[in-house]
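Okay, structure first, notes after.
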Amino acid sequence: MTKRLIYATVISLLALSCGNTDKDVKKVTVEPSQAILKNISNNDFSVILDDMTIEETENQIIHKHKYKVLELKKDSLYSTKKDWAVVNQDFFSSHKNDLGMEILSRHNGKISTLAQPEGYGWAIGNTAHGEWEETTQDSTGNNNSGTSQRRWRTHSTSPFFWLWLGSRRSFFRSDYNNYRSYNTTGRSYYGQNSNNTYAHGTRSNYQKKNRPSFFSRKSKNSSRWNNLEKRTSRSSSRYKSGSSTRSRSGGTGK
4 MTKRLIYATV ISLLALSCGN TDKDVKKVTV EPSQAILKNI SNNDFSVILD
54 DMTIEETENQ IIHKHKYKVL ELKKDSLYST KKDWAVVNQD FFSSHKNDLG
104 MEILSRHNGK ISTLAQPEGY GWAIGNTAHG EWEETTQDST GNNNSGTSQR
154 RWRTHSTSPF FWLWLGSRRS FFRSDYNNYR SYNTTGRSYY GQNSNNTYAH
204 GTRSNYQKKN RPSFFSRKSK NSSRWNNLEK RTSRSSSRYK SGSSTRSRSG
254 GTGK
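Pasting the structure below:
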């Protein structure tokens, strides 16, 4: 009798742990970021991933993003915070490391879906908005044994001046140069501080310090994030299996 009870308990626990990944995942036909793109005219802009969360109901898993939109209109920068919006699971997973970064932008008329540090594509390094100056601090804000580096100083006349002033964050030439190398080869750049930690995105100390509500929420719902890995991995496996079958049957592969 005792063995049967233990067996039934184990089966129930397994069902609960597996059931979390078997719930229906809410989908959208158009990603909210793409909807933003359609509603903006020809102005330069950036969509910043301002927050993200995973919610669950009895039968469904819901992935949500919250965006901040920066739009340059003539000589003024407008910042708009959007409400929570449902996104597709794969899109959510692809941007899980991009908190605080641009995930969609149009700079100098060129649209990009490559995640990049906020401002690096149109403000930082642009002499119309500022200049590089000598400093003895590294990218972590610590004195670097007197070693001089070049830090970005935004002109007070630039529409980006108040944005950077509010962030109280420094941007260094070495970091910017590394970003450009990554960007030209189509890779997202997360940077690296002198202590081998990430400088940008979800895994950076900067975001952990400035977005405590996100990390507290993620910690409380860690099982949902762990299951995200399982679901996307399983989805990817099914896609690869389907692609392999189509390829063997004469379909055109990528």
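Residues in the sequence shown are numbered consecutively from 4, following the working numbering.
Where is the CB? At the ideal position from N, CA and C, for every residue including glycine.
Since the structure is predicted, the reported quantities are computational estimates derived from the model, not experimental observations.
Discussion item. In whole angstroms, give me the CA-to-CA distance for residue 3 and residue 162.
Written reply: This structure cannot settle anything about residue 3, because the visible part of the chain is limited to 4 through 257.
Item to complete: Determine the closest residue to residue 138 out of 152, 84, 127, with distance taken between C-alpha atoms.
Response: 152
Discussion item. Checking the sheet assignment: what are the DSSP bridge partners for residue 203?
Written reply: Answer is none; residue 203 lacks a bridge partner.
Item to complete: Give me the Cβ distance between residue 59 and residue 227, rounded to the nearest whole Å; I'm assuming they're in contact under 8 Å.
Response: 6 Å
Fill in: Beta-carbon spacing of residue 177, residue 121 below 8 Å
no
Worksheet item: Can you give the Cα-Cα distance for residue 167 and residue 159, rounded to whole angstroms?
Response: 11 Å
Worksheet entry | residue 78 burial status per 10 Å Cβ neighbour count (16 or more: buried) | exposed
Item to complete: To the nearest angstrom, report how far apart residue 133 and residue 27 are at their CA atoms.
Response: 49 Å
Worksheet item: Going by C-alpha distance, which of 115, 108, 88 is nearest residue 33?
Response: 88
Fill in: Paired residues, beta bridge with residue 70 - DSSP
52
Item to complete: Over the uninterrupted alpha helix (DSSP H) stretch that includes residue 187, give me the two end residues.
Response: 176-187
Item to complete: Might you give, ordered along the chain, the residues of its own chain that have their beta carbon closer than 7 Å to the beta carbon of residue 157, omitting 5 neighbours on each side?
Response: 132, 133, 163, 164, 167
Discussion item. For residue 233, count the other beta carbons within 10 Å of its own beta carbon; 16 or more makes it buried, fewer makes it exposed. Which is it?
Written reply: exposed
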